[in-house]
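A.B. asks: Numbering (the working numbering), first residue to last: 111 to 582. All C-beta atoms in this analysis are idealised placements derived from N, C-alpha and C, irrespective of residue type, glycine included.
(1) For the stretch 437-455 against the stretch 563-571, are there 3 or more C-beta pairs whose distance is under 8 Å?
(2) Within the same chain, show all residues whose beta-carbon is closer than 7 Å to that of residue 89, passing over the 5 residues directly before and after it, in chain order.
(3) Let me check understanding here. Comparing Cα to Cα, which of 420, 437, 329 and 397 lies closest to residue 385?
(4) Counting along the chain, where does the beta strand (DSSP E) carrying residue 532 start and finish?
(5) Roughly how many angstroms lie between the CA atoms of residue 207 and residue 161, to the nearest whole one?
(6) Count the other CB atoms within 10 Å of the CB of residue 131; is the residue buried (16 or more) or exposed (fewer)?
(7) How about residue 152 and residue 188: do their beta carbons lie closer than 8 Å?
(8) Taking the Cβ atom as the reference point for each residue, do residue 354 and residue 302 lie within a distance shorter than 8 Å?
(9) Find out if the Cβ-Cβ distance for the pair residue 292, residue 344 is shorter than 8 Å.
(10) Need the endpoints of the beta strand (DSSP E) that residue 478 sits in, please.
(11) Between the C-alpha atoms of residue 573 and residue 494, what's the straight-line distance to the nearest angstrom?
(12) Please identify the residue among 392, 543, 202 and 144 whose C-alpha is closest to the C-alpha of residue 175.
(13) Below 8 Å, can you find three or more Cβ-Cβ pairs linking the stretch 541-553 to the stretch 520-529?
(14) Which residues does DSSP pair with residue 143 in a beta bridge?
(15) Quick check on DSSP: helix, strand or coil for residue 267?
(16) Start and end of the alpha helix (DSSP H) containing residue 159?
(17) Does the count of Cβ pairs from the stretch 371-382 and the stretch 309-322 closer than 8 Å reach three?
(18) Quick check: the stretch 530-538 against the stretch 502-512, are at least 3 beta-carbon pairs closer than 8 Å?
(19) Applying the 10 Å Cβ sphere with the 16-neighbour rule, what's the burial state of residue 571?
(20) Work out the CA separation of residue 194 and residue 481 for me, nearest whole Å.
(21) Quick one, which of 456, 514, 378 and 416 has its alpha-carbon nearest residue 429's?
(22) Where does the unbroken beta strand (DSSP E) through residue 500 begin, and where does it stop?
(23) For residue 146 and residue 211, I'd like the C-alpha separation in whole angstroms.
(24) I'd like the span of the alpha helix (DSSP H) that includes residue 193, first residue to last.
(25) Which parts of the stretch 251-303 are runs of the alpha helix (DSSP H), unbroken and 4 residues or longer, counting only runs that do not cross its ends?
(26) Note down the Cα distance separating residue 296 from residue 136, rounded to an integer number of angstroms.
(27) Counting only the same chain and skipping the five closest in sequence on each side, list residues whose C-beta sits under 6 Å from that of residue 246.
(28) Quick check on the burial criterion: 16 or more other C-beta atoms within 10 angstroms. Buried or exposed for residue 424?
(29) Between the Cα of residue 264 and those of 408, 287 and 469, spot the shortest distance and give me the residue it belongs to.
(30) What are the partner residues of residue 237, as DSSP defines its beta bridges?
(31) Once the 5 residues before and after residue 347 are set aside, which same chain residues still bring their CB inside 6 Å of it?
(32) For residue 385, name the three-state secondary structure that DSSP assigns.
(33) So, helix, strand or coil for residue 462, using DSSP?
(34) The beta strand (DSSP E) that contains residue 542, what's its start and end?
(35) Is the Cβ-Cβ distance between residue 439 and residue 409 less than 8 Å?
(36) Please state if the CB of residue 218 and the CB of residue 205 are separated by a distance shorter than 8 Å.
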């Protein structure tokens, strides 16, 4: 969740840069208190430029003055946590947060705090609404549209009320309005795909004629918004939808599958034909290719999608990542021997993973950057251990954090250090095991042979896979 919010505000900072120029001589104060700190300093940045590393005092607090202020978003980083704050001239903002519950605990105070609290609260509300949208997508099109129109109206009224009460700046106003609009557009775009109906063609036919009327004004090459998360989220949903319509025109499949090679090739081709901005195109091509490679369970299909991607992408780093990921996934096919990764255990001893695999095993991963997943996955495994004692469950932390931080997080949440490990070489090991997304689980038999390198703890058929592993 923290990473998602960080990307959202990174994107919003683009708006800030476009609407404000350098204000030489103007300044703002920024500081805060960190509960359960991971280290004794905070790194403050503007865009990609590090401004300073500020030490925490004996009370885990800091203050910092930003001179020659450029209105917009500033990053503050503490350990693996990343957050941003919107600063304008004469702001004096302090925050308080607990690293164990980052987003929900973050509260700003001082001059300029209200706009930042609004943005944080809006993000948290959108997370709740997002879960509701998936349910609303099962309604008839007109009913669905009426429901999301109500949500948009309510949010617009809330923003209007906030602006009147707080005399908000034009910069904040533009950011908040764009956030509402792009969320609304994205909700409409996901409707046909999220709807449980298998016959997607009939779903499209039921849509009101003006359901996608806003599309006529969509700019697919908007340089100003290219790093804005909600713009990118909309483009992704939009291309999912447009590609589905195109795919249905020539597909012979009775039921739509998002991992269909044909559908994914259609999507890459459509992006290539409609997007001319090199940066936007490369980002979209990379996102969808990465998605396919990490979701596809038939590794033999990876090469054709990878080849299509490489013929269209001009981003060398992205191209290299996709090539390496494809190669790693090929080495993790069912029937292959699990790579003998080096780990560090709860006693700070180093060992090879294959030395601890003595029976059917499920290896899952976690990171401080995905704190909710960390807790939920451990609770889920606690439940599964009782039901399937024949299976060993091994948790691996993927962060670069020191041993004390890792152990402290487990102990604070009352999780045992038994069967808990860290990678000795995180970057190398993550590459070897192609750990993306974080929910990935690797299932191995008692002979260290891979059964499934892309399972999911929370999928409906995960327990069936465990039973198959036990009976193998």
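C.D. replies: On the basis of the supplied data:
(1) yes
(2) What is shown of the chain runs 111 to 582, which leaves residue 89 out entirely.
(3) Against the chain shown, residue 385 aligns to sequence position 275. Nearest option by C-alpha distance: 329.
(4) Counting from one through the chain shown, the residue named residue 532 turns up at place 422. Looking at the DSSP string, the run of the beta strand (DSSP E) that includes residue 532 is 530-533.
(5) Within the chain shown, numbered from 1, the residue matching residue 207 stands at position 97. Within the chain shown, numbered from 1, the residue matching residue 161 stands at position 51. If I take the Cα positions, the gap works out to 22 Å.
(6) The count along the chain shown starts at 1 and reaches residue 131 at position 21. Low confidence applies to residue 131: its pLDDT is 43, below 50, so where it sits in the model is not reliable, and the reading given next is rough at best. With fewer than 16 other Cβ atoms within 10 Å, it is exposed.
(7) Taking the chain shown and counting its residues from 1, one reaches residue 152 at position 42. Taking the chain shown and counting its residues from 1, one reaches residue 188 at position 78. In contact: residue 152 and residue 188 (Cβ atoms closer than 8 Å).
(8) In the chain shown, the residue the question calls residue 354 occupies position 244. In the chain shown, the residue the question calls residue 302 occupies position 192. In contact: residue 354 and residue 302 (Cβ atoms closer than 8 Å).
(9) In the chain shown, counting from the first residue as 1, residue 292 sits at position 182. In the chain shown, counting from the first residue as 1, residue 344 sits at position 234. Closer than 8 Å, so yes.
(10) For the purposes of this step, residue 478 is taken as residue 368 along the chain shown, with counting starting at 1. Residue 478 -> no beta strand (DSSP E), and no H or E assigned at all.
(11) Reading the chain shown from its first residue, position 463 is the one you call residue 573. Reading the chain shown from its first residue, position 384 is the one you call residue 494. The alpha-carbon atoms of residue 573 and residue 494 are separated by roughly 8 Å.
(12) Position 65 of the chain shown holds residue 175. Out of 392, 543, 202 and 144, 202 has the C-alpha closest to the C-alpha of residue 175.
(13) no
(14) Against the chain shown, residue 143 aligns to sequence position 33. Looking at the DSSP output, residue 143 shares a beta bridge with 171 and 206.
(15) Indexing the chain shown from 1 puts residue 267 at position 157. It is helical.
(16) Your numbering for residue 159 matches position 49 in the chain shown. Careful: residue 159 lies outside any alpha helix (DSSP H), inside the beta strand (DSSP E) at 159-165.
(17) Touching, no, given that fewer than three Cβ pairs across the two stretches are closer than 8 Å.
(18) yes
(19) Translated into positions along the chain shown, residue 571 becomes position 461. Flag for residue 571 reads exposed.
(20) In the chain shown, counting from the first residue as 1, residue 481 sits at position 371. In the chain shown, counting from the first residue as 1, residue 194 sits at position 84. C-alpha separation (whole angstroms): 18 Å.
(21) In the chain shown, counting from the first residue as 1, residue 429 sits at position 319. With distances taken between Cα atoms, residue 429 lies closest to 416.
(22) Sequence index remark: in the chain shown, residue 500 carries index 390 (1-based). Here residue 500 belongs to no beta strand (DSSP E), and DSSP marks it neither H nor E.
(23) Taking the first residue of the chain shown as 1, we reach residue 146 at position 36. Taking the first residue of the chain shown as 1, we reach residue 211 at position 101. C-alpha separation (whole angstroms): 10 Å.
(24) Residue 193 sits at position 83 when you count from the first residue of the chain shown. Segment 191-197 is the beta strand (DSSP E) holding residue 193; no alpha helix (DSSP H) there.
(25) 251-276
(26) Walking along the chain shown from the start, residue 296 turns up at place 186. Walking along the chain shown from the start, residue 136 turns up at place 26. Near 38 Å, if we compare the C-alpha coordinates of residue 136 and residue 296.
(27) The residue given as residue 246 occupies position 136 in the chain shown. Hits under 6 Å: 254 and 257.
(28) Position 314 of the chain shown, counted from the start, is the residue given in the question as residue 424. Burial call: exposed.
(29) Numbered from its first residue, the chain shown carries residue 264 at position 154. The residue with the shortest Cα to Cα distance from residue 264 is 287.
(30) Here residue 237 corresponds to residue number 127 of the chain shown, with the count starting at 1. Paired residue(s): none; residue 237 is not in a bridge.
(31) As a first step, residue 347 must be located in the chain shown, where it is residue number 237. Counting only Cβ-Cβ distances below 6 Å, and skipping sequence neighbours, we find 296, 299 and 300.
(32) Your numbering for residue 385 matches position 275 in the chain shown. In this structure, residue 385 counts as coil in the three-state DSSP scheme.
(33) For this step, residue 462 is matched to residue 352 along the chain shown. If DSSP states are grouped into helix, strand and coil, residue 462 belongs with the strands.
(34) Locating residue 542 in the chain shown gives position 432, where the first residue counts as 1. Run containing residue 542: none in the beta strand (DSSP E); it sits in the alpha helix (DSSP H), 536-543.
(35) Position 329 of the chain shown, counting from 1, holds the residue named residue 439. Position 299 of the chain shown, counting from 1, holds the residue named residue 409. Yes, the pair counts as a contact, with Cβ atoms nearer than the cut-off.
(36) As a first step, residue 205 must be located in the chain shown, where it is residue number 95. As a first step, residue 218 must be located in the chain shown, where it is residue number 108. Closer than 8 Å, so yes.
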